[in-house]
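Trainee:
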Amino acid sequence: MTQYLTSPQGRRLAYNHSPQAGAPGVVFLGGFKSDMQGSKALFLEDWARGKGLSFLRFDYSGHGVSDGAFEDGSIGDWRDDARAVITALTTGPQVLVGSSMGGWISLLLAREMPQRVAGLVTIAAAPDFTTTTWDEELTEAQRTEVRAKGRVEIPSEYADNPYIFTEKLFDDGAKQRVFDQPLPLPMPTRLLQGTADKDVLPQVATRLLNHASGSDIRLTLVKGADHRFSTPDCLALIATAIDEVLQRQSAS
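When the letters of the sequence shown are read in order and numbered with full-length UniProt numbering, they come out as residues 1 to 252.
Printed below as a string of structure tokens:
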């Protein structure tokens, strides 16, 4: 059943939580303009229930059924939303499973509150994608439009309507970058990436593997998998990665 939490910033956030006693729980962090009803979140909820694990999925502000307008948000806001639900609704270290933008946010949380992160599993993690979009994907005309109007529309194959990228999103994203400073990941970390991903190129995963520091970080490339990473085989691989992280965390 969907419930609501008001964050310290005053944002009303929707979540579904299946609490269990015992081992670290699992928290799913969704992607840009996605919601907690996606196939990965629902699959992992059922999987966690079968394993007797706590599972938390939620909508960032401006996403899904949480309050707020998407265009008002930013990476820092959504990072704060994730921190709020994890802090208020879970106890002890959790395994963070971050998809695309959720991978970026999970990396920020692992850097800022490592004591609450038992392990990391990222799926096509997209750290610093706002900077990449601004520097490498927008035309000069589009950058001028952002400066003049505060926003630009970018078509997406994942939605009927274009995604809106705001000046706030670009400015704040530049402050939340992962690649411009050290990234210690002392917890077991598994990076999952499809080779046919056109939205987050495999080179991003390789760069992340090389940039992060830690004794238990592994990258798995899946030939032919796209950005959705939602085929039965891909879903099973996510579950296997979580299992492995839990086992490694328990052994340590």
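Idealized CB from N, CA, C, for every residue including glycine.
Which of the three DSSP states, helix, strand or coil, is assigned to Pro162?
Mentor: Three-state DSSP puts Pro162 in coil, outside helix and strand.
Trainee: With respect to the alpha helix (DSSP H) encompassing Ala225, which residues constitute its N-terminal and C-terminal limits?
Mentor: It is not in any alpha helix (DSSP H) - Ala225 carries neither H nor E in the DSSP assignment.
Trainee: Between Asp195 and Lys175, which are expected to be in contact by the criterion C-beta below 8 Å, what is the C-beta distance as a whole number of angstroms?
Mentor: As written in the sequence, residue 195 is Thr, which differs from the Asp given in the question. That pair is no contact at about 31 Å.
Trainee: Comparing C-alpha positions only, which one of Pro93, Ala82, Gly31 and Val26 sits nearest to Pro8?
Mentor: Closest option to Pro8, Cα to Cα, is Ala82.
Trainee: Do Val27 and Thr122 come within 8 Å of each other at the CB atom, strictly closer than that value?
Mentor: Not a contact, by the Cβ cut-off of 8 Å.
Trainee: Quick check: is the beta carbon of Met101 nearer than 8 Å to any beta carbon in chain D?
Mentor: Absent from the structure: chain D. Only one protein chain is present.
Trainee: From this set, Gly50, Pro127 and Ser39, which residue's C-alpha is nearest Gln20's C-alpha?
Mentor: The shortest C-alpha separation from Gln20 is found at Gly50.
Trainee: Can you tell me where the alpha helix (DSSP H) with Val245 in it begins and where it stops?
Mentor: Segment Pro232 to Ala251, the alpha helix (DSSP H) holding Val245.
Trainee: Within the UniProt domain "Serine aminopeptidase S33" (27-130), note down every full alpha helix (DSSP H) run reaching 4 residues or more, in order along the chain.
Mentor: The UniProt domain "Serine aminopeptidase S33" (27-130) contains these whole alpha helix (DSSP H) runs: 39-51, 75-89 and 101-112.
Trainee: Quick check: Phe179 and Pro127, are their CB atoms within less than 8 Å of each other?
Mentor: Yes, the Cβ-Cβ distance between Phe179 and Pro127 is below 8 Å.
Trainee: Could you spell out the range, first to last residue, of the alpha helix (DSSP H) harbouring Thr206?
Mentor: Per DSSP, Thr206 belongs to the alpha helix (DSSP H) from Pro202 to His211.
Trainee: Using a Cβ-Cβ cutoff of less than 7 Å, which residues in the same chain neighbour Leu209 once the five nearest sequence positions on both sides are dropped?
Mentor: Result list for Leu209: Leu191, Ile217 and Leu219, in chain order.
Trainee: Can you give me the start and stop residues for the beta strand (DSSP E) that Leu169 sits inside?
Mentor: Premise fails: Leu169 lies in the alpha helix (DSSP H), Glu167 to Lys175, not in any beta strand (DSSP E).
Trainee: CB Leu109 to CB Leu96, shorter than 8 Å?
Mentor: The answer is yes: Cβ separation under 8 Å.
Trainee: Cα separation between Gln203 and Asp226?
Mentor: Taking the straight line joining both Cα atoms gives about 14 Å.
Trainee: When you compare only the Cα positions, how much space is there between Tyr158 and Gln249?
Mentor: Cα-Cα distance, rounded: 35 Å.
Trainee: Give a yes or no on whether the C-beta atoms belonging to Gly25 and Leu42 are separated by under 8 Å.
Mentor: In this structure, Leu42 does not lie closer than 8 Å to Gly25 by Cβ.
Trainee: Can you check whether the CB of Ser99 is closer than 8 Å to the CB of Gly173?
Mentor: No, they are not a contact pair.
Trainee: Could you give the first and the last residue of the continuous beta strand (DSSP E) run that contains Arg190?
Mentor: Residues Thr189 to Gly194.
Trainee: Closer than 7 Å by C-beta to Ala118: which residues in its own chain qualify, once you throw out the five before and the five after it? Chain order, please.
Mentor: Excluding positions up to five away in sequence, the list reads Pro24, Pro93, Gln94, Val95, Met187 and Gln249.
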